[in-house]
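Q:
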Amino acid sequence: MGLSGHCLCGAVKYTVDAEPKLVGYDHCDDCQRQTGSTYSLVVVVPKDKLTITGTTKSFAGKGSSGKAVHRIFCPECGSPIAHDPDAAPAIIAIKGGTLSNEDKQKLQPDTEIWTVGKLPFCQEHLAKPFTHLPE
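full-length UniProt numbering applies: residue 1 is where the sequence shown begins, and numbers increase by one.
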């Protein structure tokens, strides 16, 4: 199974030649701000299996590790594409909403990360919650 997706305007496209390592809700404050929502649906994949085409921009902020987290987005429409943490160089977290409609329909979120930032009105609980990153 491979994955594919694109930004809202279609200027940035990507493919992933691997199965997701994790599909879940990321409740960290930075993801809330980047998505403008209460959490970000993330699909964690091996970084070396991701191919992005089109021009992207990124914003680097400091993660809880003290290392940079690069937030990759389309400079035309602003769609967030992924976040790439320097603290975990082998993986990258694709924003689930940017996947193709077919791939989105197949997602099975089974975990939550950064539940320390989970907003009190988000009541859904998944099987494997982590207060911060998976320990």
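We put the beta carbon where it would ideally sit given N, CA and C, even for glycine.
#1: Within 10 Å of its beta-carbon, does residue 29 have 16 or more other beta-carbons around it, so buried, or fewer, so exposed?
#2: List, from N- to C-terminal side, the beta strand (DSSP E) runs of 3 residues or more that fit wholly inside the region 47-92.
#3: Should residue 27 be labelled buried (16 or more other beta-carbon atoms within 10 Å of its own) or exposed?
#4: From the DSSP output, in three-state form, read off residue 104 for me.
#5: Whose CA, out of 122, 99, 20 and 72, lies closest to the CA of residue 85?
#6: State the Cα-Cα distance for the pair residue 75 and residue 58, rounded to the nearest angstrom.
#7: Between which residues of its own chain and residue 5 is the CB-CB distance below 6 Å, once the five residues before and five after are set aside?
#8: Are at least three pairs of beta-carbons, each pair with one atom in the region 33-50 and one in the region 78-94, less than 8 Å apart?
#9: Return the residue from the list 111, 116, 17 and 121 that minimises the CA-CA distance to residue 42.
A: Well, looking at it:
#1: Label assigned to residue 29: exposed.
#2: Entirely contained in the region 47-92, the beta strand (DSSP E) runs reaching 3 residues are, in chain order, 50-53, 57-62, 68-73 and 80-85.
#3: Taking all protein chains shown into account, residue 27 has 16 or more neighbouring C-beta atoms within 10 Å of its C-beta and is therefore buried.
#4: Correct three-state label for residue 104: helix.
#5: Among 122, 99, 20 and 72, the Cα nearest to that of residue 85 belongs to 72.
#6: The C-alpha of residue 58 is placed about 9 Å away from the C-alpha of residue 75.
#7: Here the set comprises 14, 98, 99 and 100.
#8: The answer is yes - the region 78-94 touches the region 33-50, with three or more Cβ pairs under 8 Å.
#9: Out of 111, 116, 17 and 121, the CA that lies nearest to the CA of residue 42 is found in 111.
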